[in-house]
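Residue numbers (the numbering used here): 11 to 666.
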């Protein structure tokens with residue numbers, strides 16, 4: 011399966027690598043030989059830039075200038091660029107040697123024994139002849155060290171602070187370019203290099219000489235490309251992290267892709283050109299190196315974790331655990347000495363490349379096995395790996411050319427944002443379609459719900475009507491319309507509780523229709539019901555005032571409750587009701603002999619007290635006692651419980 015997927019990829023890789031391999035065919039006469047570069051055959055119009063490659067004169071352990079060169083024997087040549095200043099051991103102190111004049115020669119001779127076994131500084135010399143008439147410039151790639159470049163006796167470029175005193179020595183970062191003095195047909199390039207950090211000082215690409223405008227424009231274009239890459243990475247990181255925060259319930263791996271974009275930004279700012287210097291005027295070299303290393307270590311684990319979170323099951327568990335560990339381990343980079351970092355730079359670069367290839371292989375295999383639609387993602391991932399492989403080979407001087415990794419970064423990040431946007435657009439379209447279907451179903455369901463709702467509402471109305479009727483029956487007596495006994499008690503207790511702190515009078519009156527059974531037997535149940543209704547109507551009229559209640563007790567008995575009604579007032583009210591009942595004529599409308607009229611009487615018993623002493627059950631019991639005495643004393647009269655007590659006291663007194 012992998013073979014079918016990679017069938018055309020390996021041919022692309024071979025063509026790209028062949029394109030990058032150094033080629034000197036047809037330009038053998040433009041290569042330095044024995045420290046001399048003759049540019050007689052150089053056609054500037056056809057080839058605007060030329061590598062300063064070939065044999066340079068090599069003066070190890072010496073920092074020489076144009077004045078000292080004639081007095082020094084011509085040394086052996088060496089191919090430039092290559093790493094020759096791998097300083098593994100330094101003496102405790104190093105002399106502060108001058109770089110020019112006789113004083114340098116004397117100090118070199120004096121310290122020759124001390125520095126004889128240390129290759130920490132060197133001078134490269136190249137004589138250039140038959141320069142063209144056009145203005146020329148030199149491109150100086152980053153050397154991971156400090157240097158000075160002279161054209162004859164003119165200092166045209168420098169990087170860091172070049173000194174044999176380690177306390178004054180200072181490395182630098184970033185490519186540079188410099189103009190050559192005009193109207194010179196020949197001259198001597200003198201490159202002084204010092205390296206006390208242990209990093210390979212030779213650049214990963216040769217120095218270039220070329221037409222001044224071309225070198226300047228090429229440098230500016232590459233610097234702008236690097237700055238745009240960093241800007242795109244920064245914007246992508248912000249967007250991805252914000253998207254992760256806004257959709258954290260749905261997005262599982264965008265944070266990892268955001269961290270990858272941040273790593274790309276920091277790596278781009280600290281690699282190659284001097285974009286980092288746009289923000290910091292003089293950044294510390296060792297912290298730039300550490301930040302570059304840390305960003306390099308985050309590339310593969312961030313991509314791997316993002317792939318695992320986005321496409322679950324495409325990355326093995328052990329590999330995922332290693333990615334998590336690789337997030338933590340690189341923090342040691344900020345604690346290790348720079349000399350240690352110089353030794354692990356190449357192995358770390360190769361390890362990350364191998365880890366990236368392994369991760370991509372597992373992802374491609376499992377994504378194809380699970381039939382995931384990851385074609386564009388796999389393509390962008392392969393482009394990124396090809397660019398990374400090219401730059402690793404470029405660093406190892408196996409191939410030559412420009413950096414590809416920046417383009418790989420841009421293609422990968424932009425493609426992922428585009429793929430994510432397309433996925434979101436498709437998801438939005440699917441959601442819109444589902445919403446439309448849901449709306450249609452909802453409309454149909456709404457019609458059914460409305461029909462059923464109307465039917466249910468009818469049932470509810472009927473049930474409410476029945477419920478109201480039941481509540482009415484539960485609260486009011488069906489025949490008389492007065493409150494039932496239990497409801498009457500509840501209302502009385504509530505009103506007494508509301509005024510319990512006030513010293514207001516409370517009265518309870520009970521009445522019973524006299525000889526009610528005889529009326530029913532003589533005139534029938536219709537007549538007895540008519541009597542009950544007439545008496546109830548009179549009691550309802552009496553209870554319309556505030557603080558008054560009326561109810562039907564058992565049979566032909568009734569009860570009344572009144573606030574702010576004293577004992578004497580209660581007697582008057584009861585007497586008034588007794589007279590009204592006695593005067594009220596009962597007309598029998600339902601008998602055949604219509605027009606029959608008769609009168610009824612009622613007996614009353616009442617009890618009164620203050621609100622703070624009121625007990626409804628006690629008052630009713632006392633009123634009932636008084637009512638029974640009224641019956642015993644001849645009916646059609648009003649008796650209060652107080653009168654009962656007085657009569658009882660009189661009887662007891664007479665007995666005594």
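We put the CB at the ideal spot given by N, CA and C, even for glycine. For clarity, every value in this text was computed on a predicted model and none was experimentally measured.
Three-state secondary structure assigned by DSSP to residue i
i	result
residue 305	helix
residue 225	helix
residue 265	helix
residue 579	helix
residue 197	strand
residue 130	coil
residue 474	helix
residue 663	helix
residue 675	What is shown of the chain runs 11 to 666, which leaves residue 675 out entirely.
residue 413	coil
residue 135	strand
residue 258	coil
residue 152	coil
residue 609	strand
Nearest to residue i (by Cα), restricted to the options the options
i	options	result
residue 90	153, 389, 78, 541	153
residue 616	317, 586, 520	520
residue 572	506, 162, 510	506
residue 540	491, 82, 496	491
residue 218	63, 45, 551	63
residue 619	629, 612, 336, 229	629
residue 240	42, 372, 49, 421	421
residue 508	405, 622, 429, 597	622
residue 350	157, 326, 299	299
residue 205	216, 171, 238	171
residue 155	130, 548, 60, 146	130
residue 379	325, 434, 647, 220	325
residue 577	252, 641, 648	648
residue 174	207, 167, 252, 143	207
residue 609	634, 583, 646	646
residue 323	66, 374, 347	374
residue 501	559, 523, 552	559
residue 587	395, 479, 598, 568	568
residue 415	395, 315, 479, 311	395
residue 625	166, 457, 503, 584	503
residue 594	564, 86, 542, 554	542
For residue j and residue i, the rounded distance between their alpha carbons
i	j	result
residue 124	residue 236	Reliability fails at residue 124, whose pLDDT of 38 lies under 50, so the model's placement of it is uncertain and the value that follows must be treated cautiously. Going from the Cα of residue 124 to the Cα of residue 236 covers about 44 angstroms.
residue 614	residue 534	25 angstroms
residue 627	residue 581	20 angstroms
residue 453	residue 461	13 angstroms
residue 477	residue 466	16 angstroms
residue 245	residue 410	31 angstroms
residue 250	residue 193	54 angstroms
residue 80	residue 353	37 angstroms
residue 263	residue 430	12 angstroms
residue 57	residue 183	28 angstroms
residue 652	residue 557	23 angstroms
residue 639	residue 654	7 angstroms
residue 301	residue 177	23 angstroms
residue 67	residue 77	16 angstroms
residue 295	residue 179	12 angstroms
residue 367	residue 289	34 angstroms
residue 547	residue 590	12 angstroms
residue 277	residue 390	19 angstroms
residue 597	residue 606	6 angstroms
residue 1	residue 442	This structure leaves residue 1 out entirely; the chain is present only between 11 and 666.
residue 357	residue 447	58 angstroms
residue 167	residue 159	5 angstroms
residue 42	residue 286	34 angstroms
residue 7	residue 314	With the chain running from 11 to 666 in the structure shown, residue 7 is simply not present.
is_contact[residue i, chain B] using C-beta, thresh 9 angstroms
i	result
residue 435	Reference to chain B is not applicable here, since this structure consists of a single protein chain.
Cβ separation of residue i and residue j, assumed to be a contact under 8 angstroms, to the nearest whole Å
i	j	result
residue 339	residue 369	Residue 339 to residue 369, Cβ: 17 angstroms. No contact.
residue 271	residue 243	5 angstroms
residue 273	residue 308	4 angstroms
residue 151	residue 215	5 angstroms
residue 413	residue 282	6 angstroms
residue 51	residue 145	Not a contact, Cβ separation roughly 20 angstroms.
residue 524	residue 612	6 angstroms
residue 133	residue 201	7 angstroms
For the region 488-535, list the beta strand (DSSP E) runs that are entirely contained and at least 3 residues long, ordered along the chain.
515-523
Entirely enclosed alpha helix (DSSP H) segments - the region 320-369, minimum 4 residues
327-338
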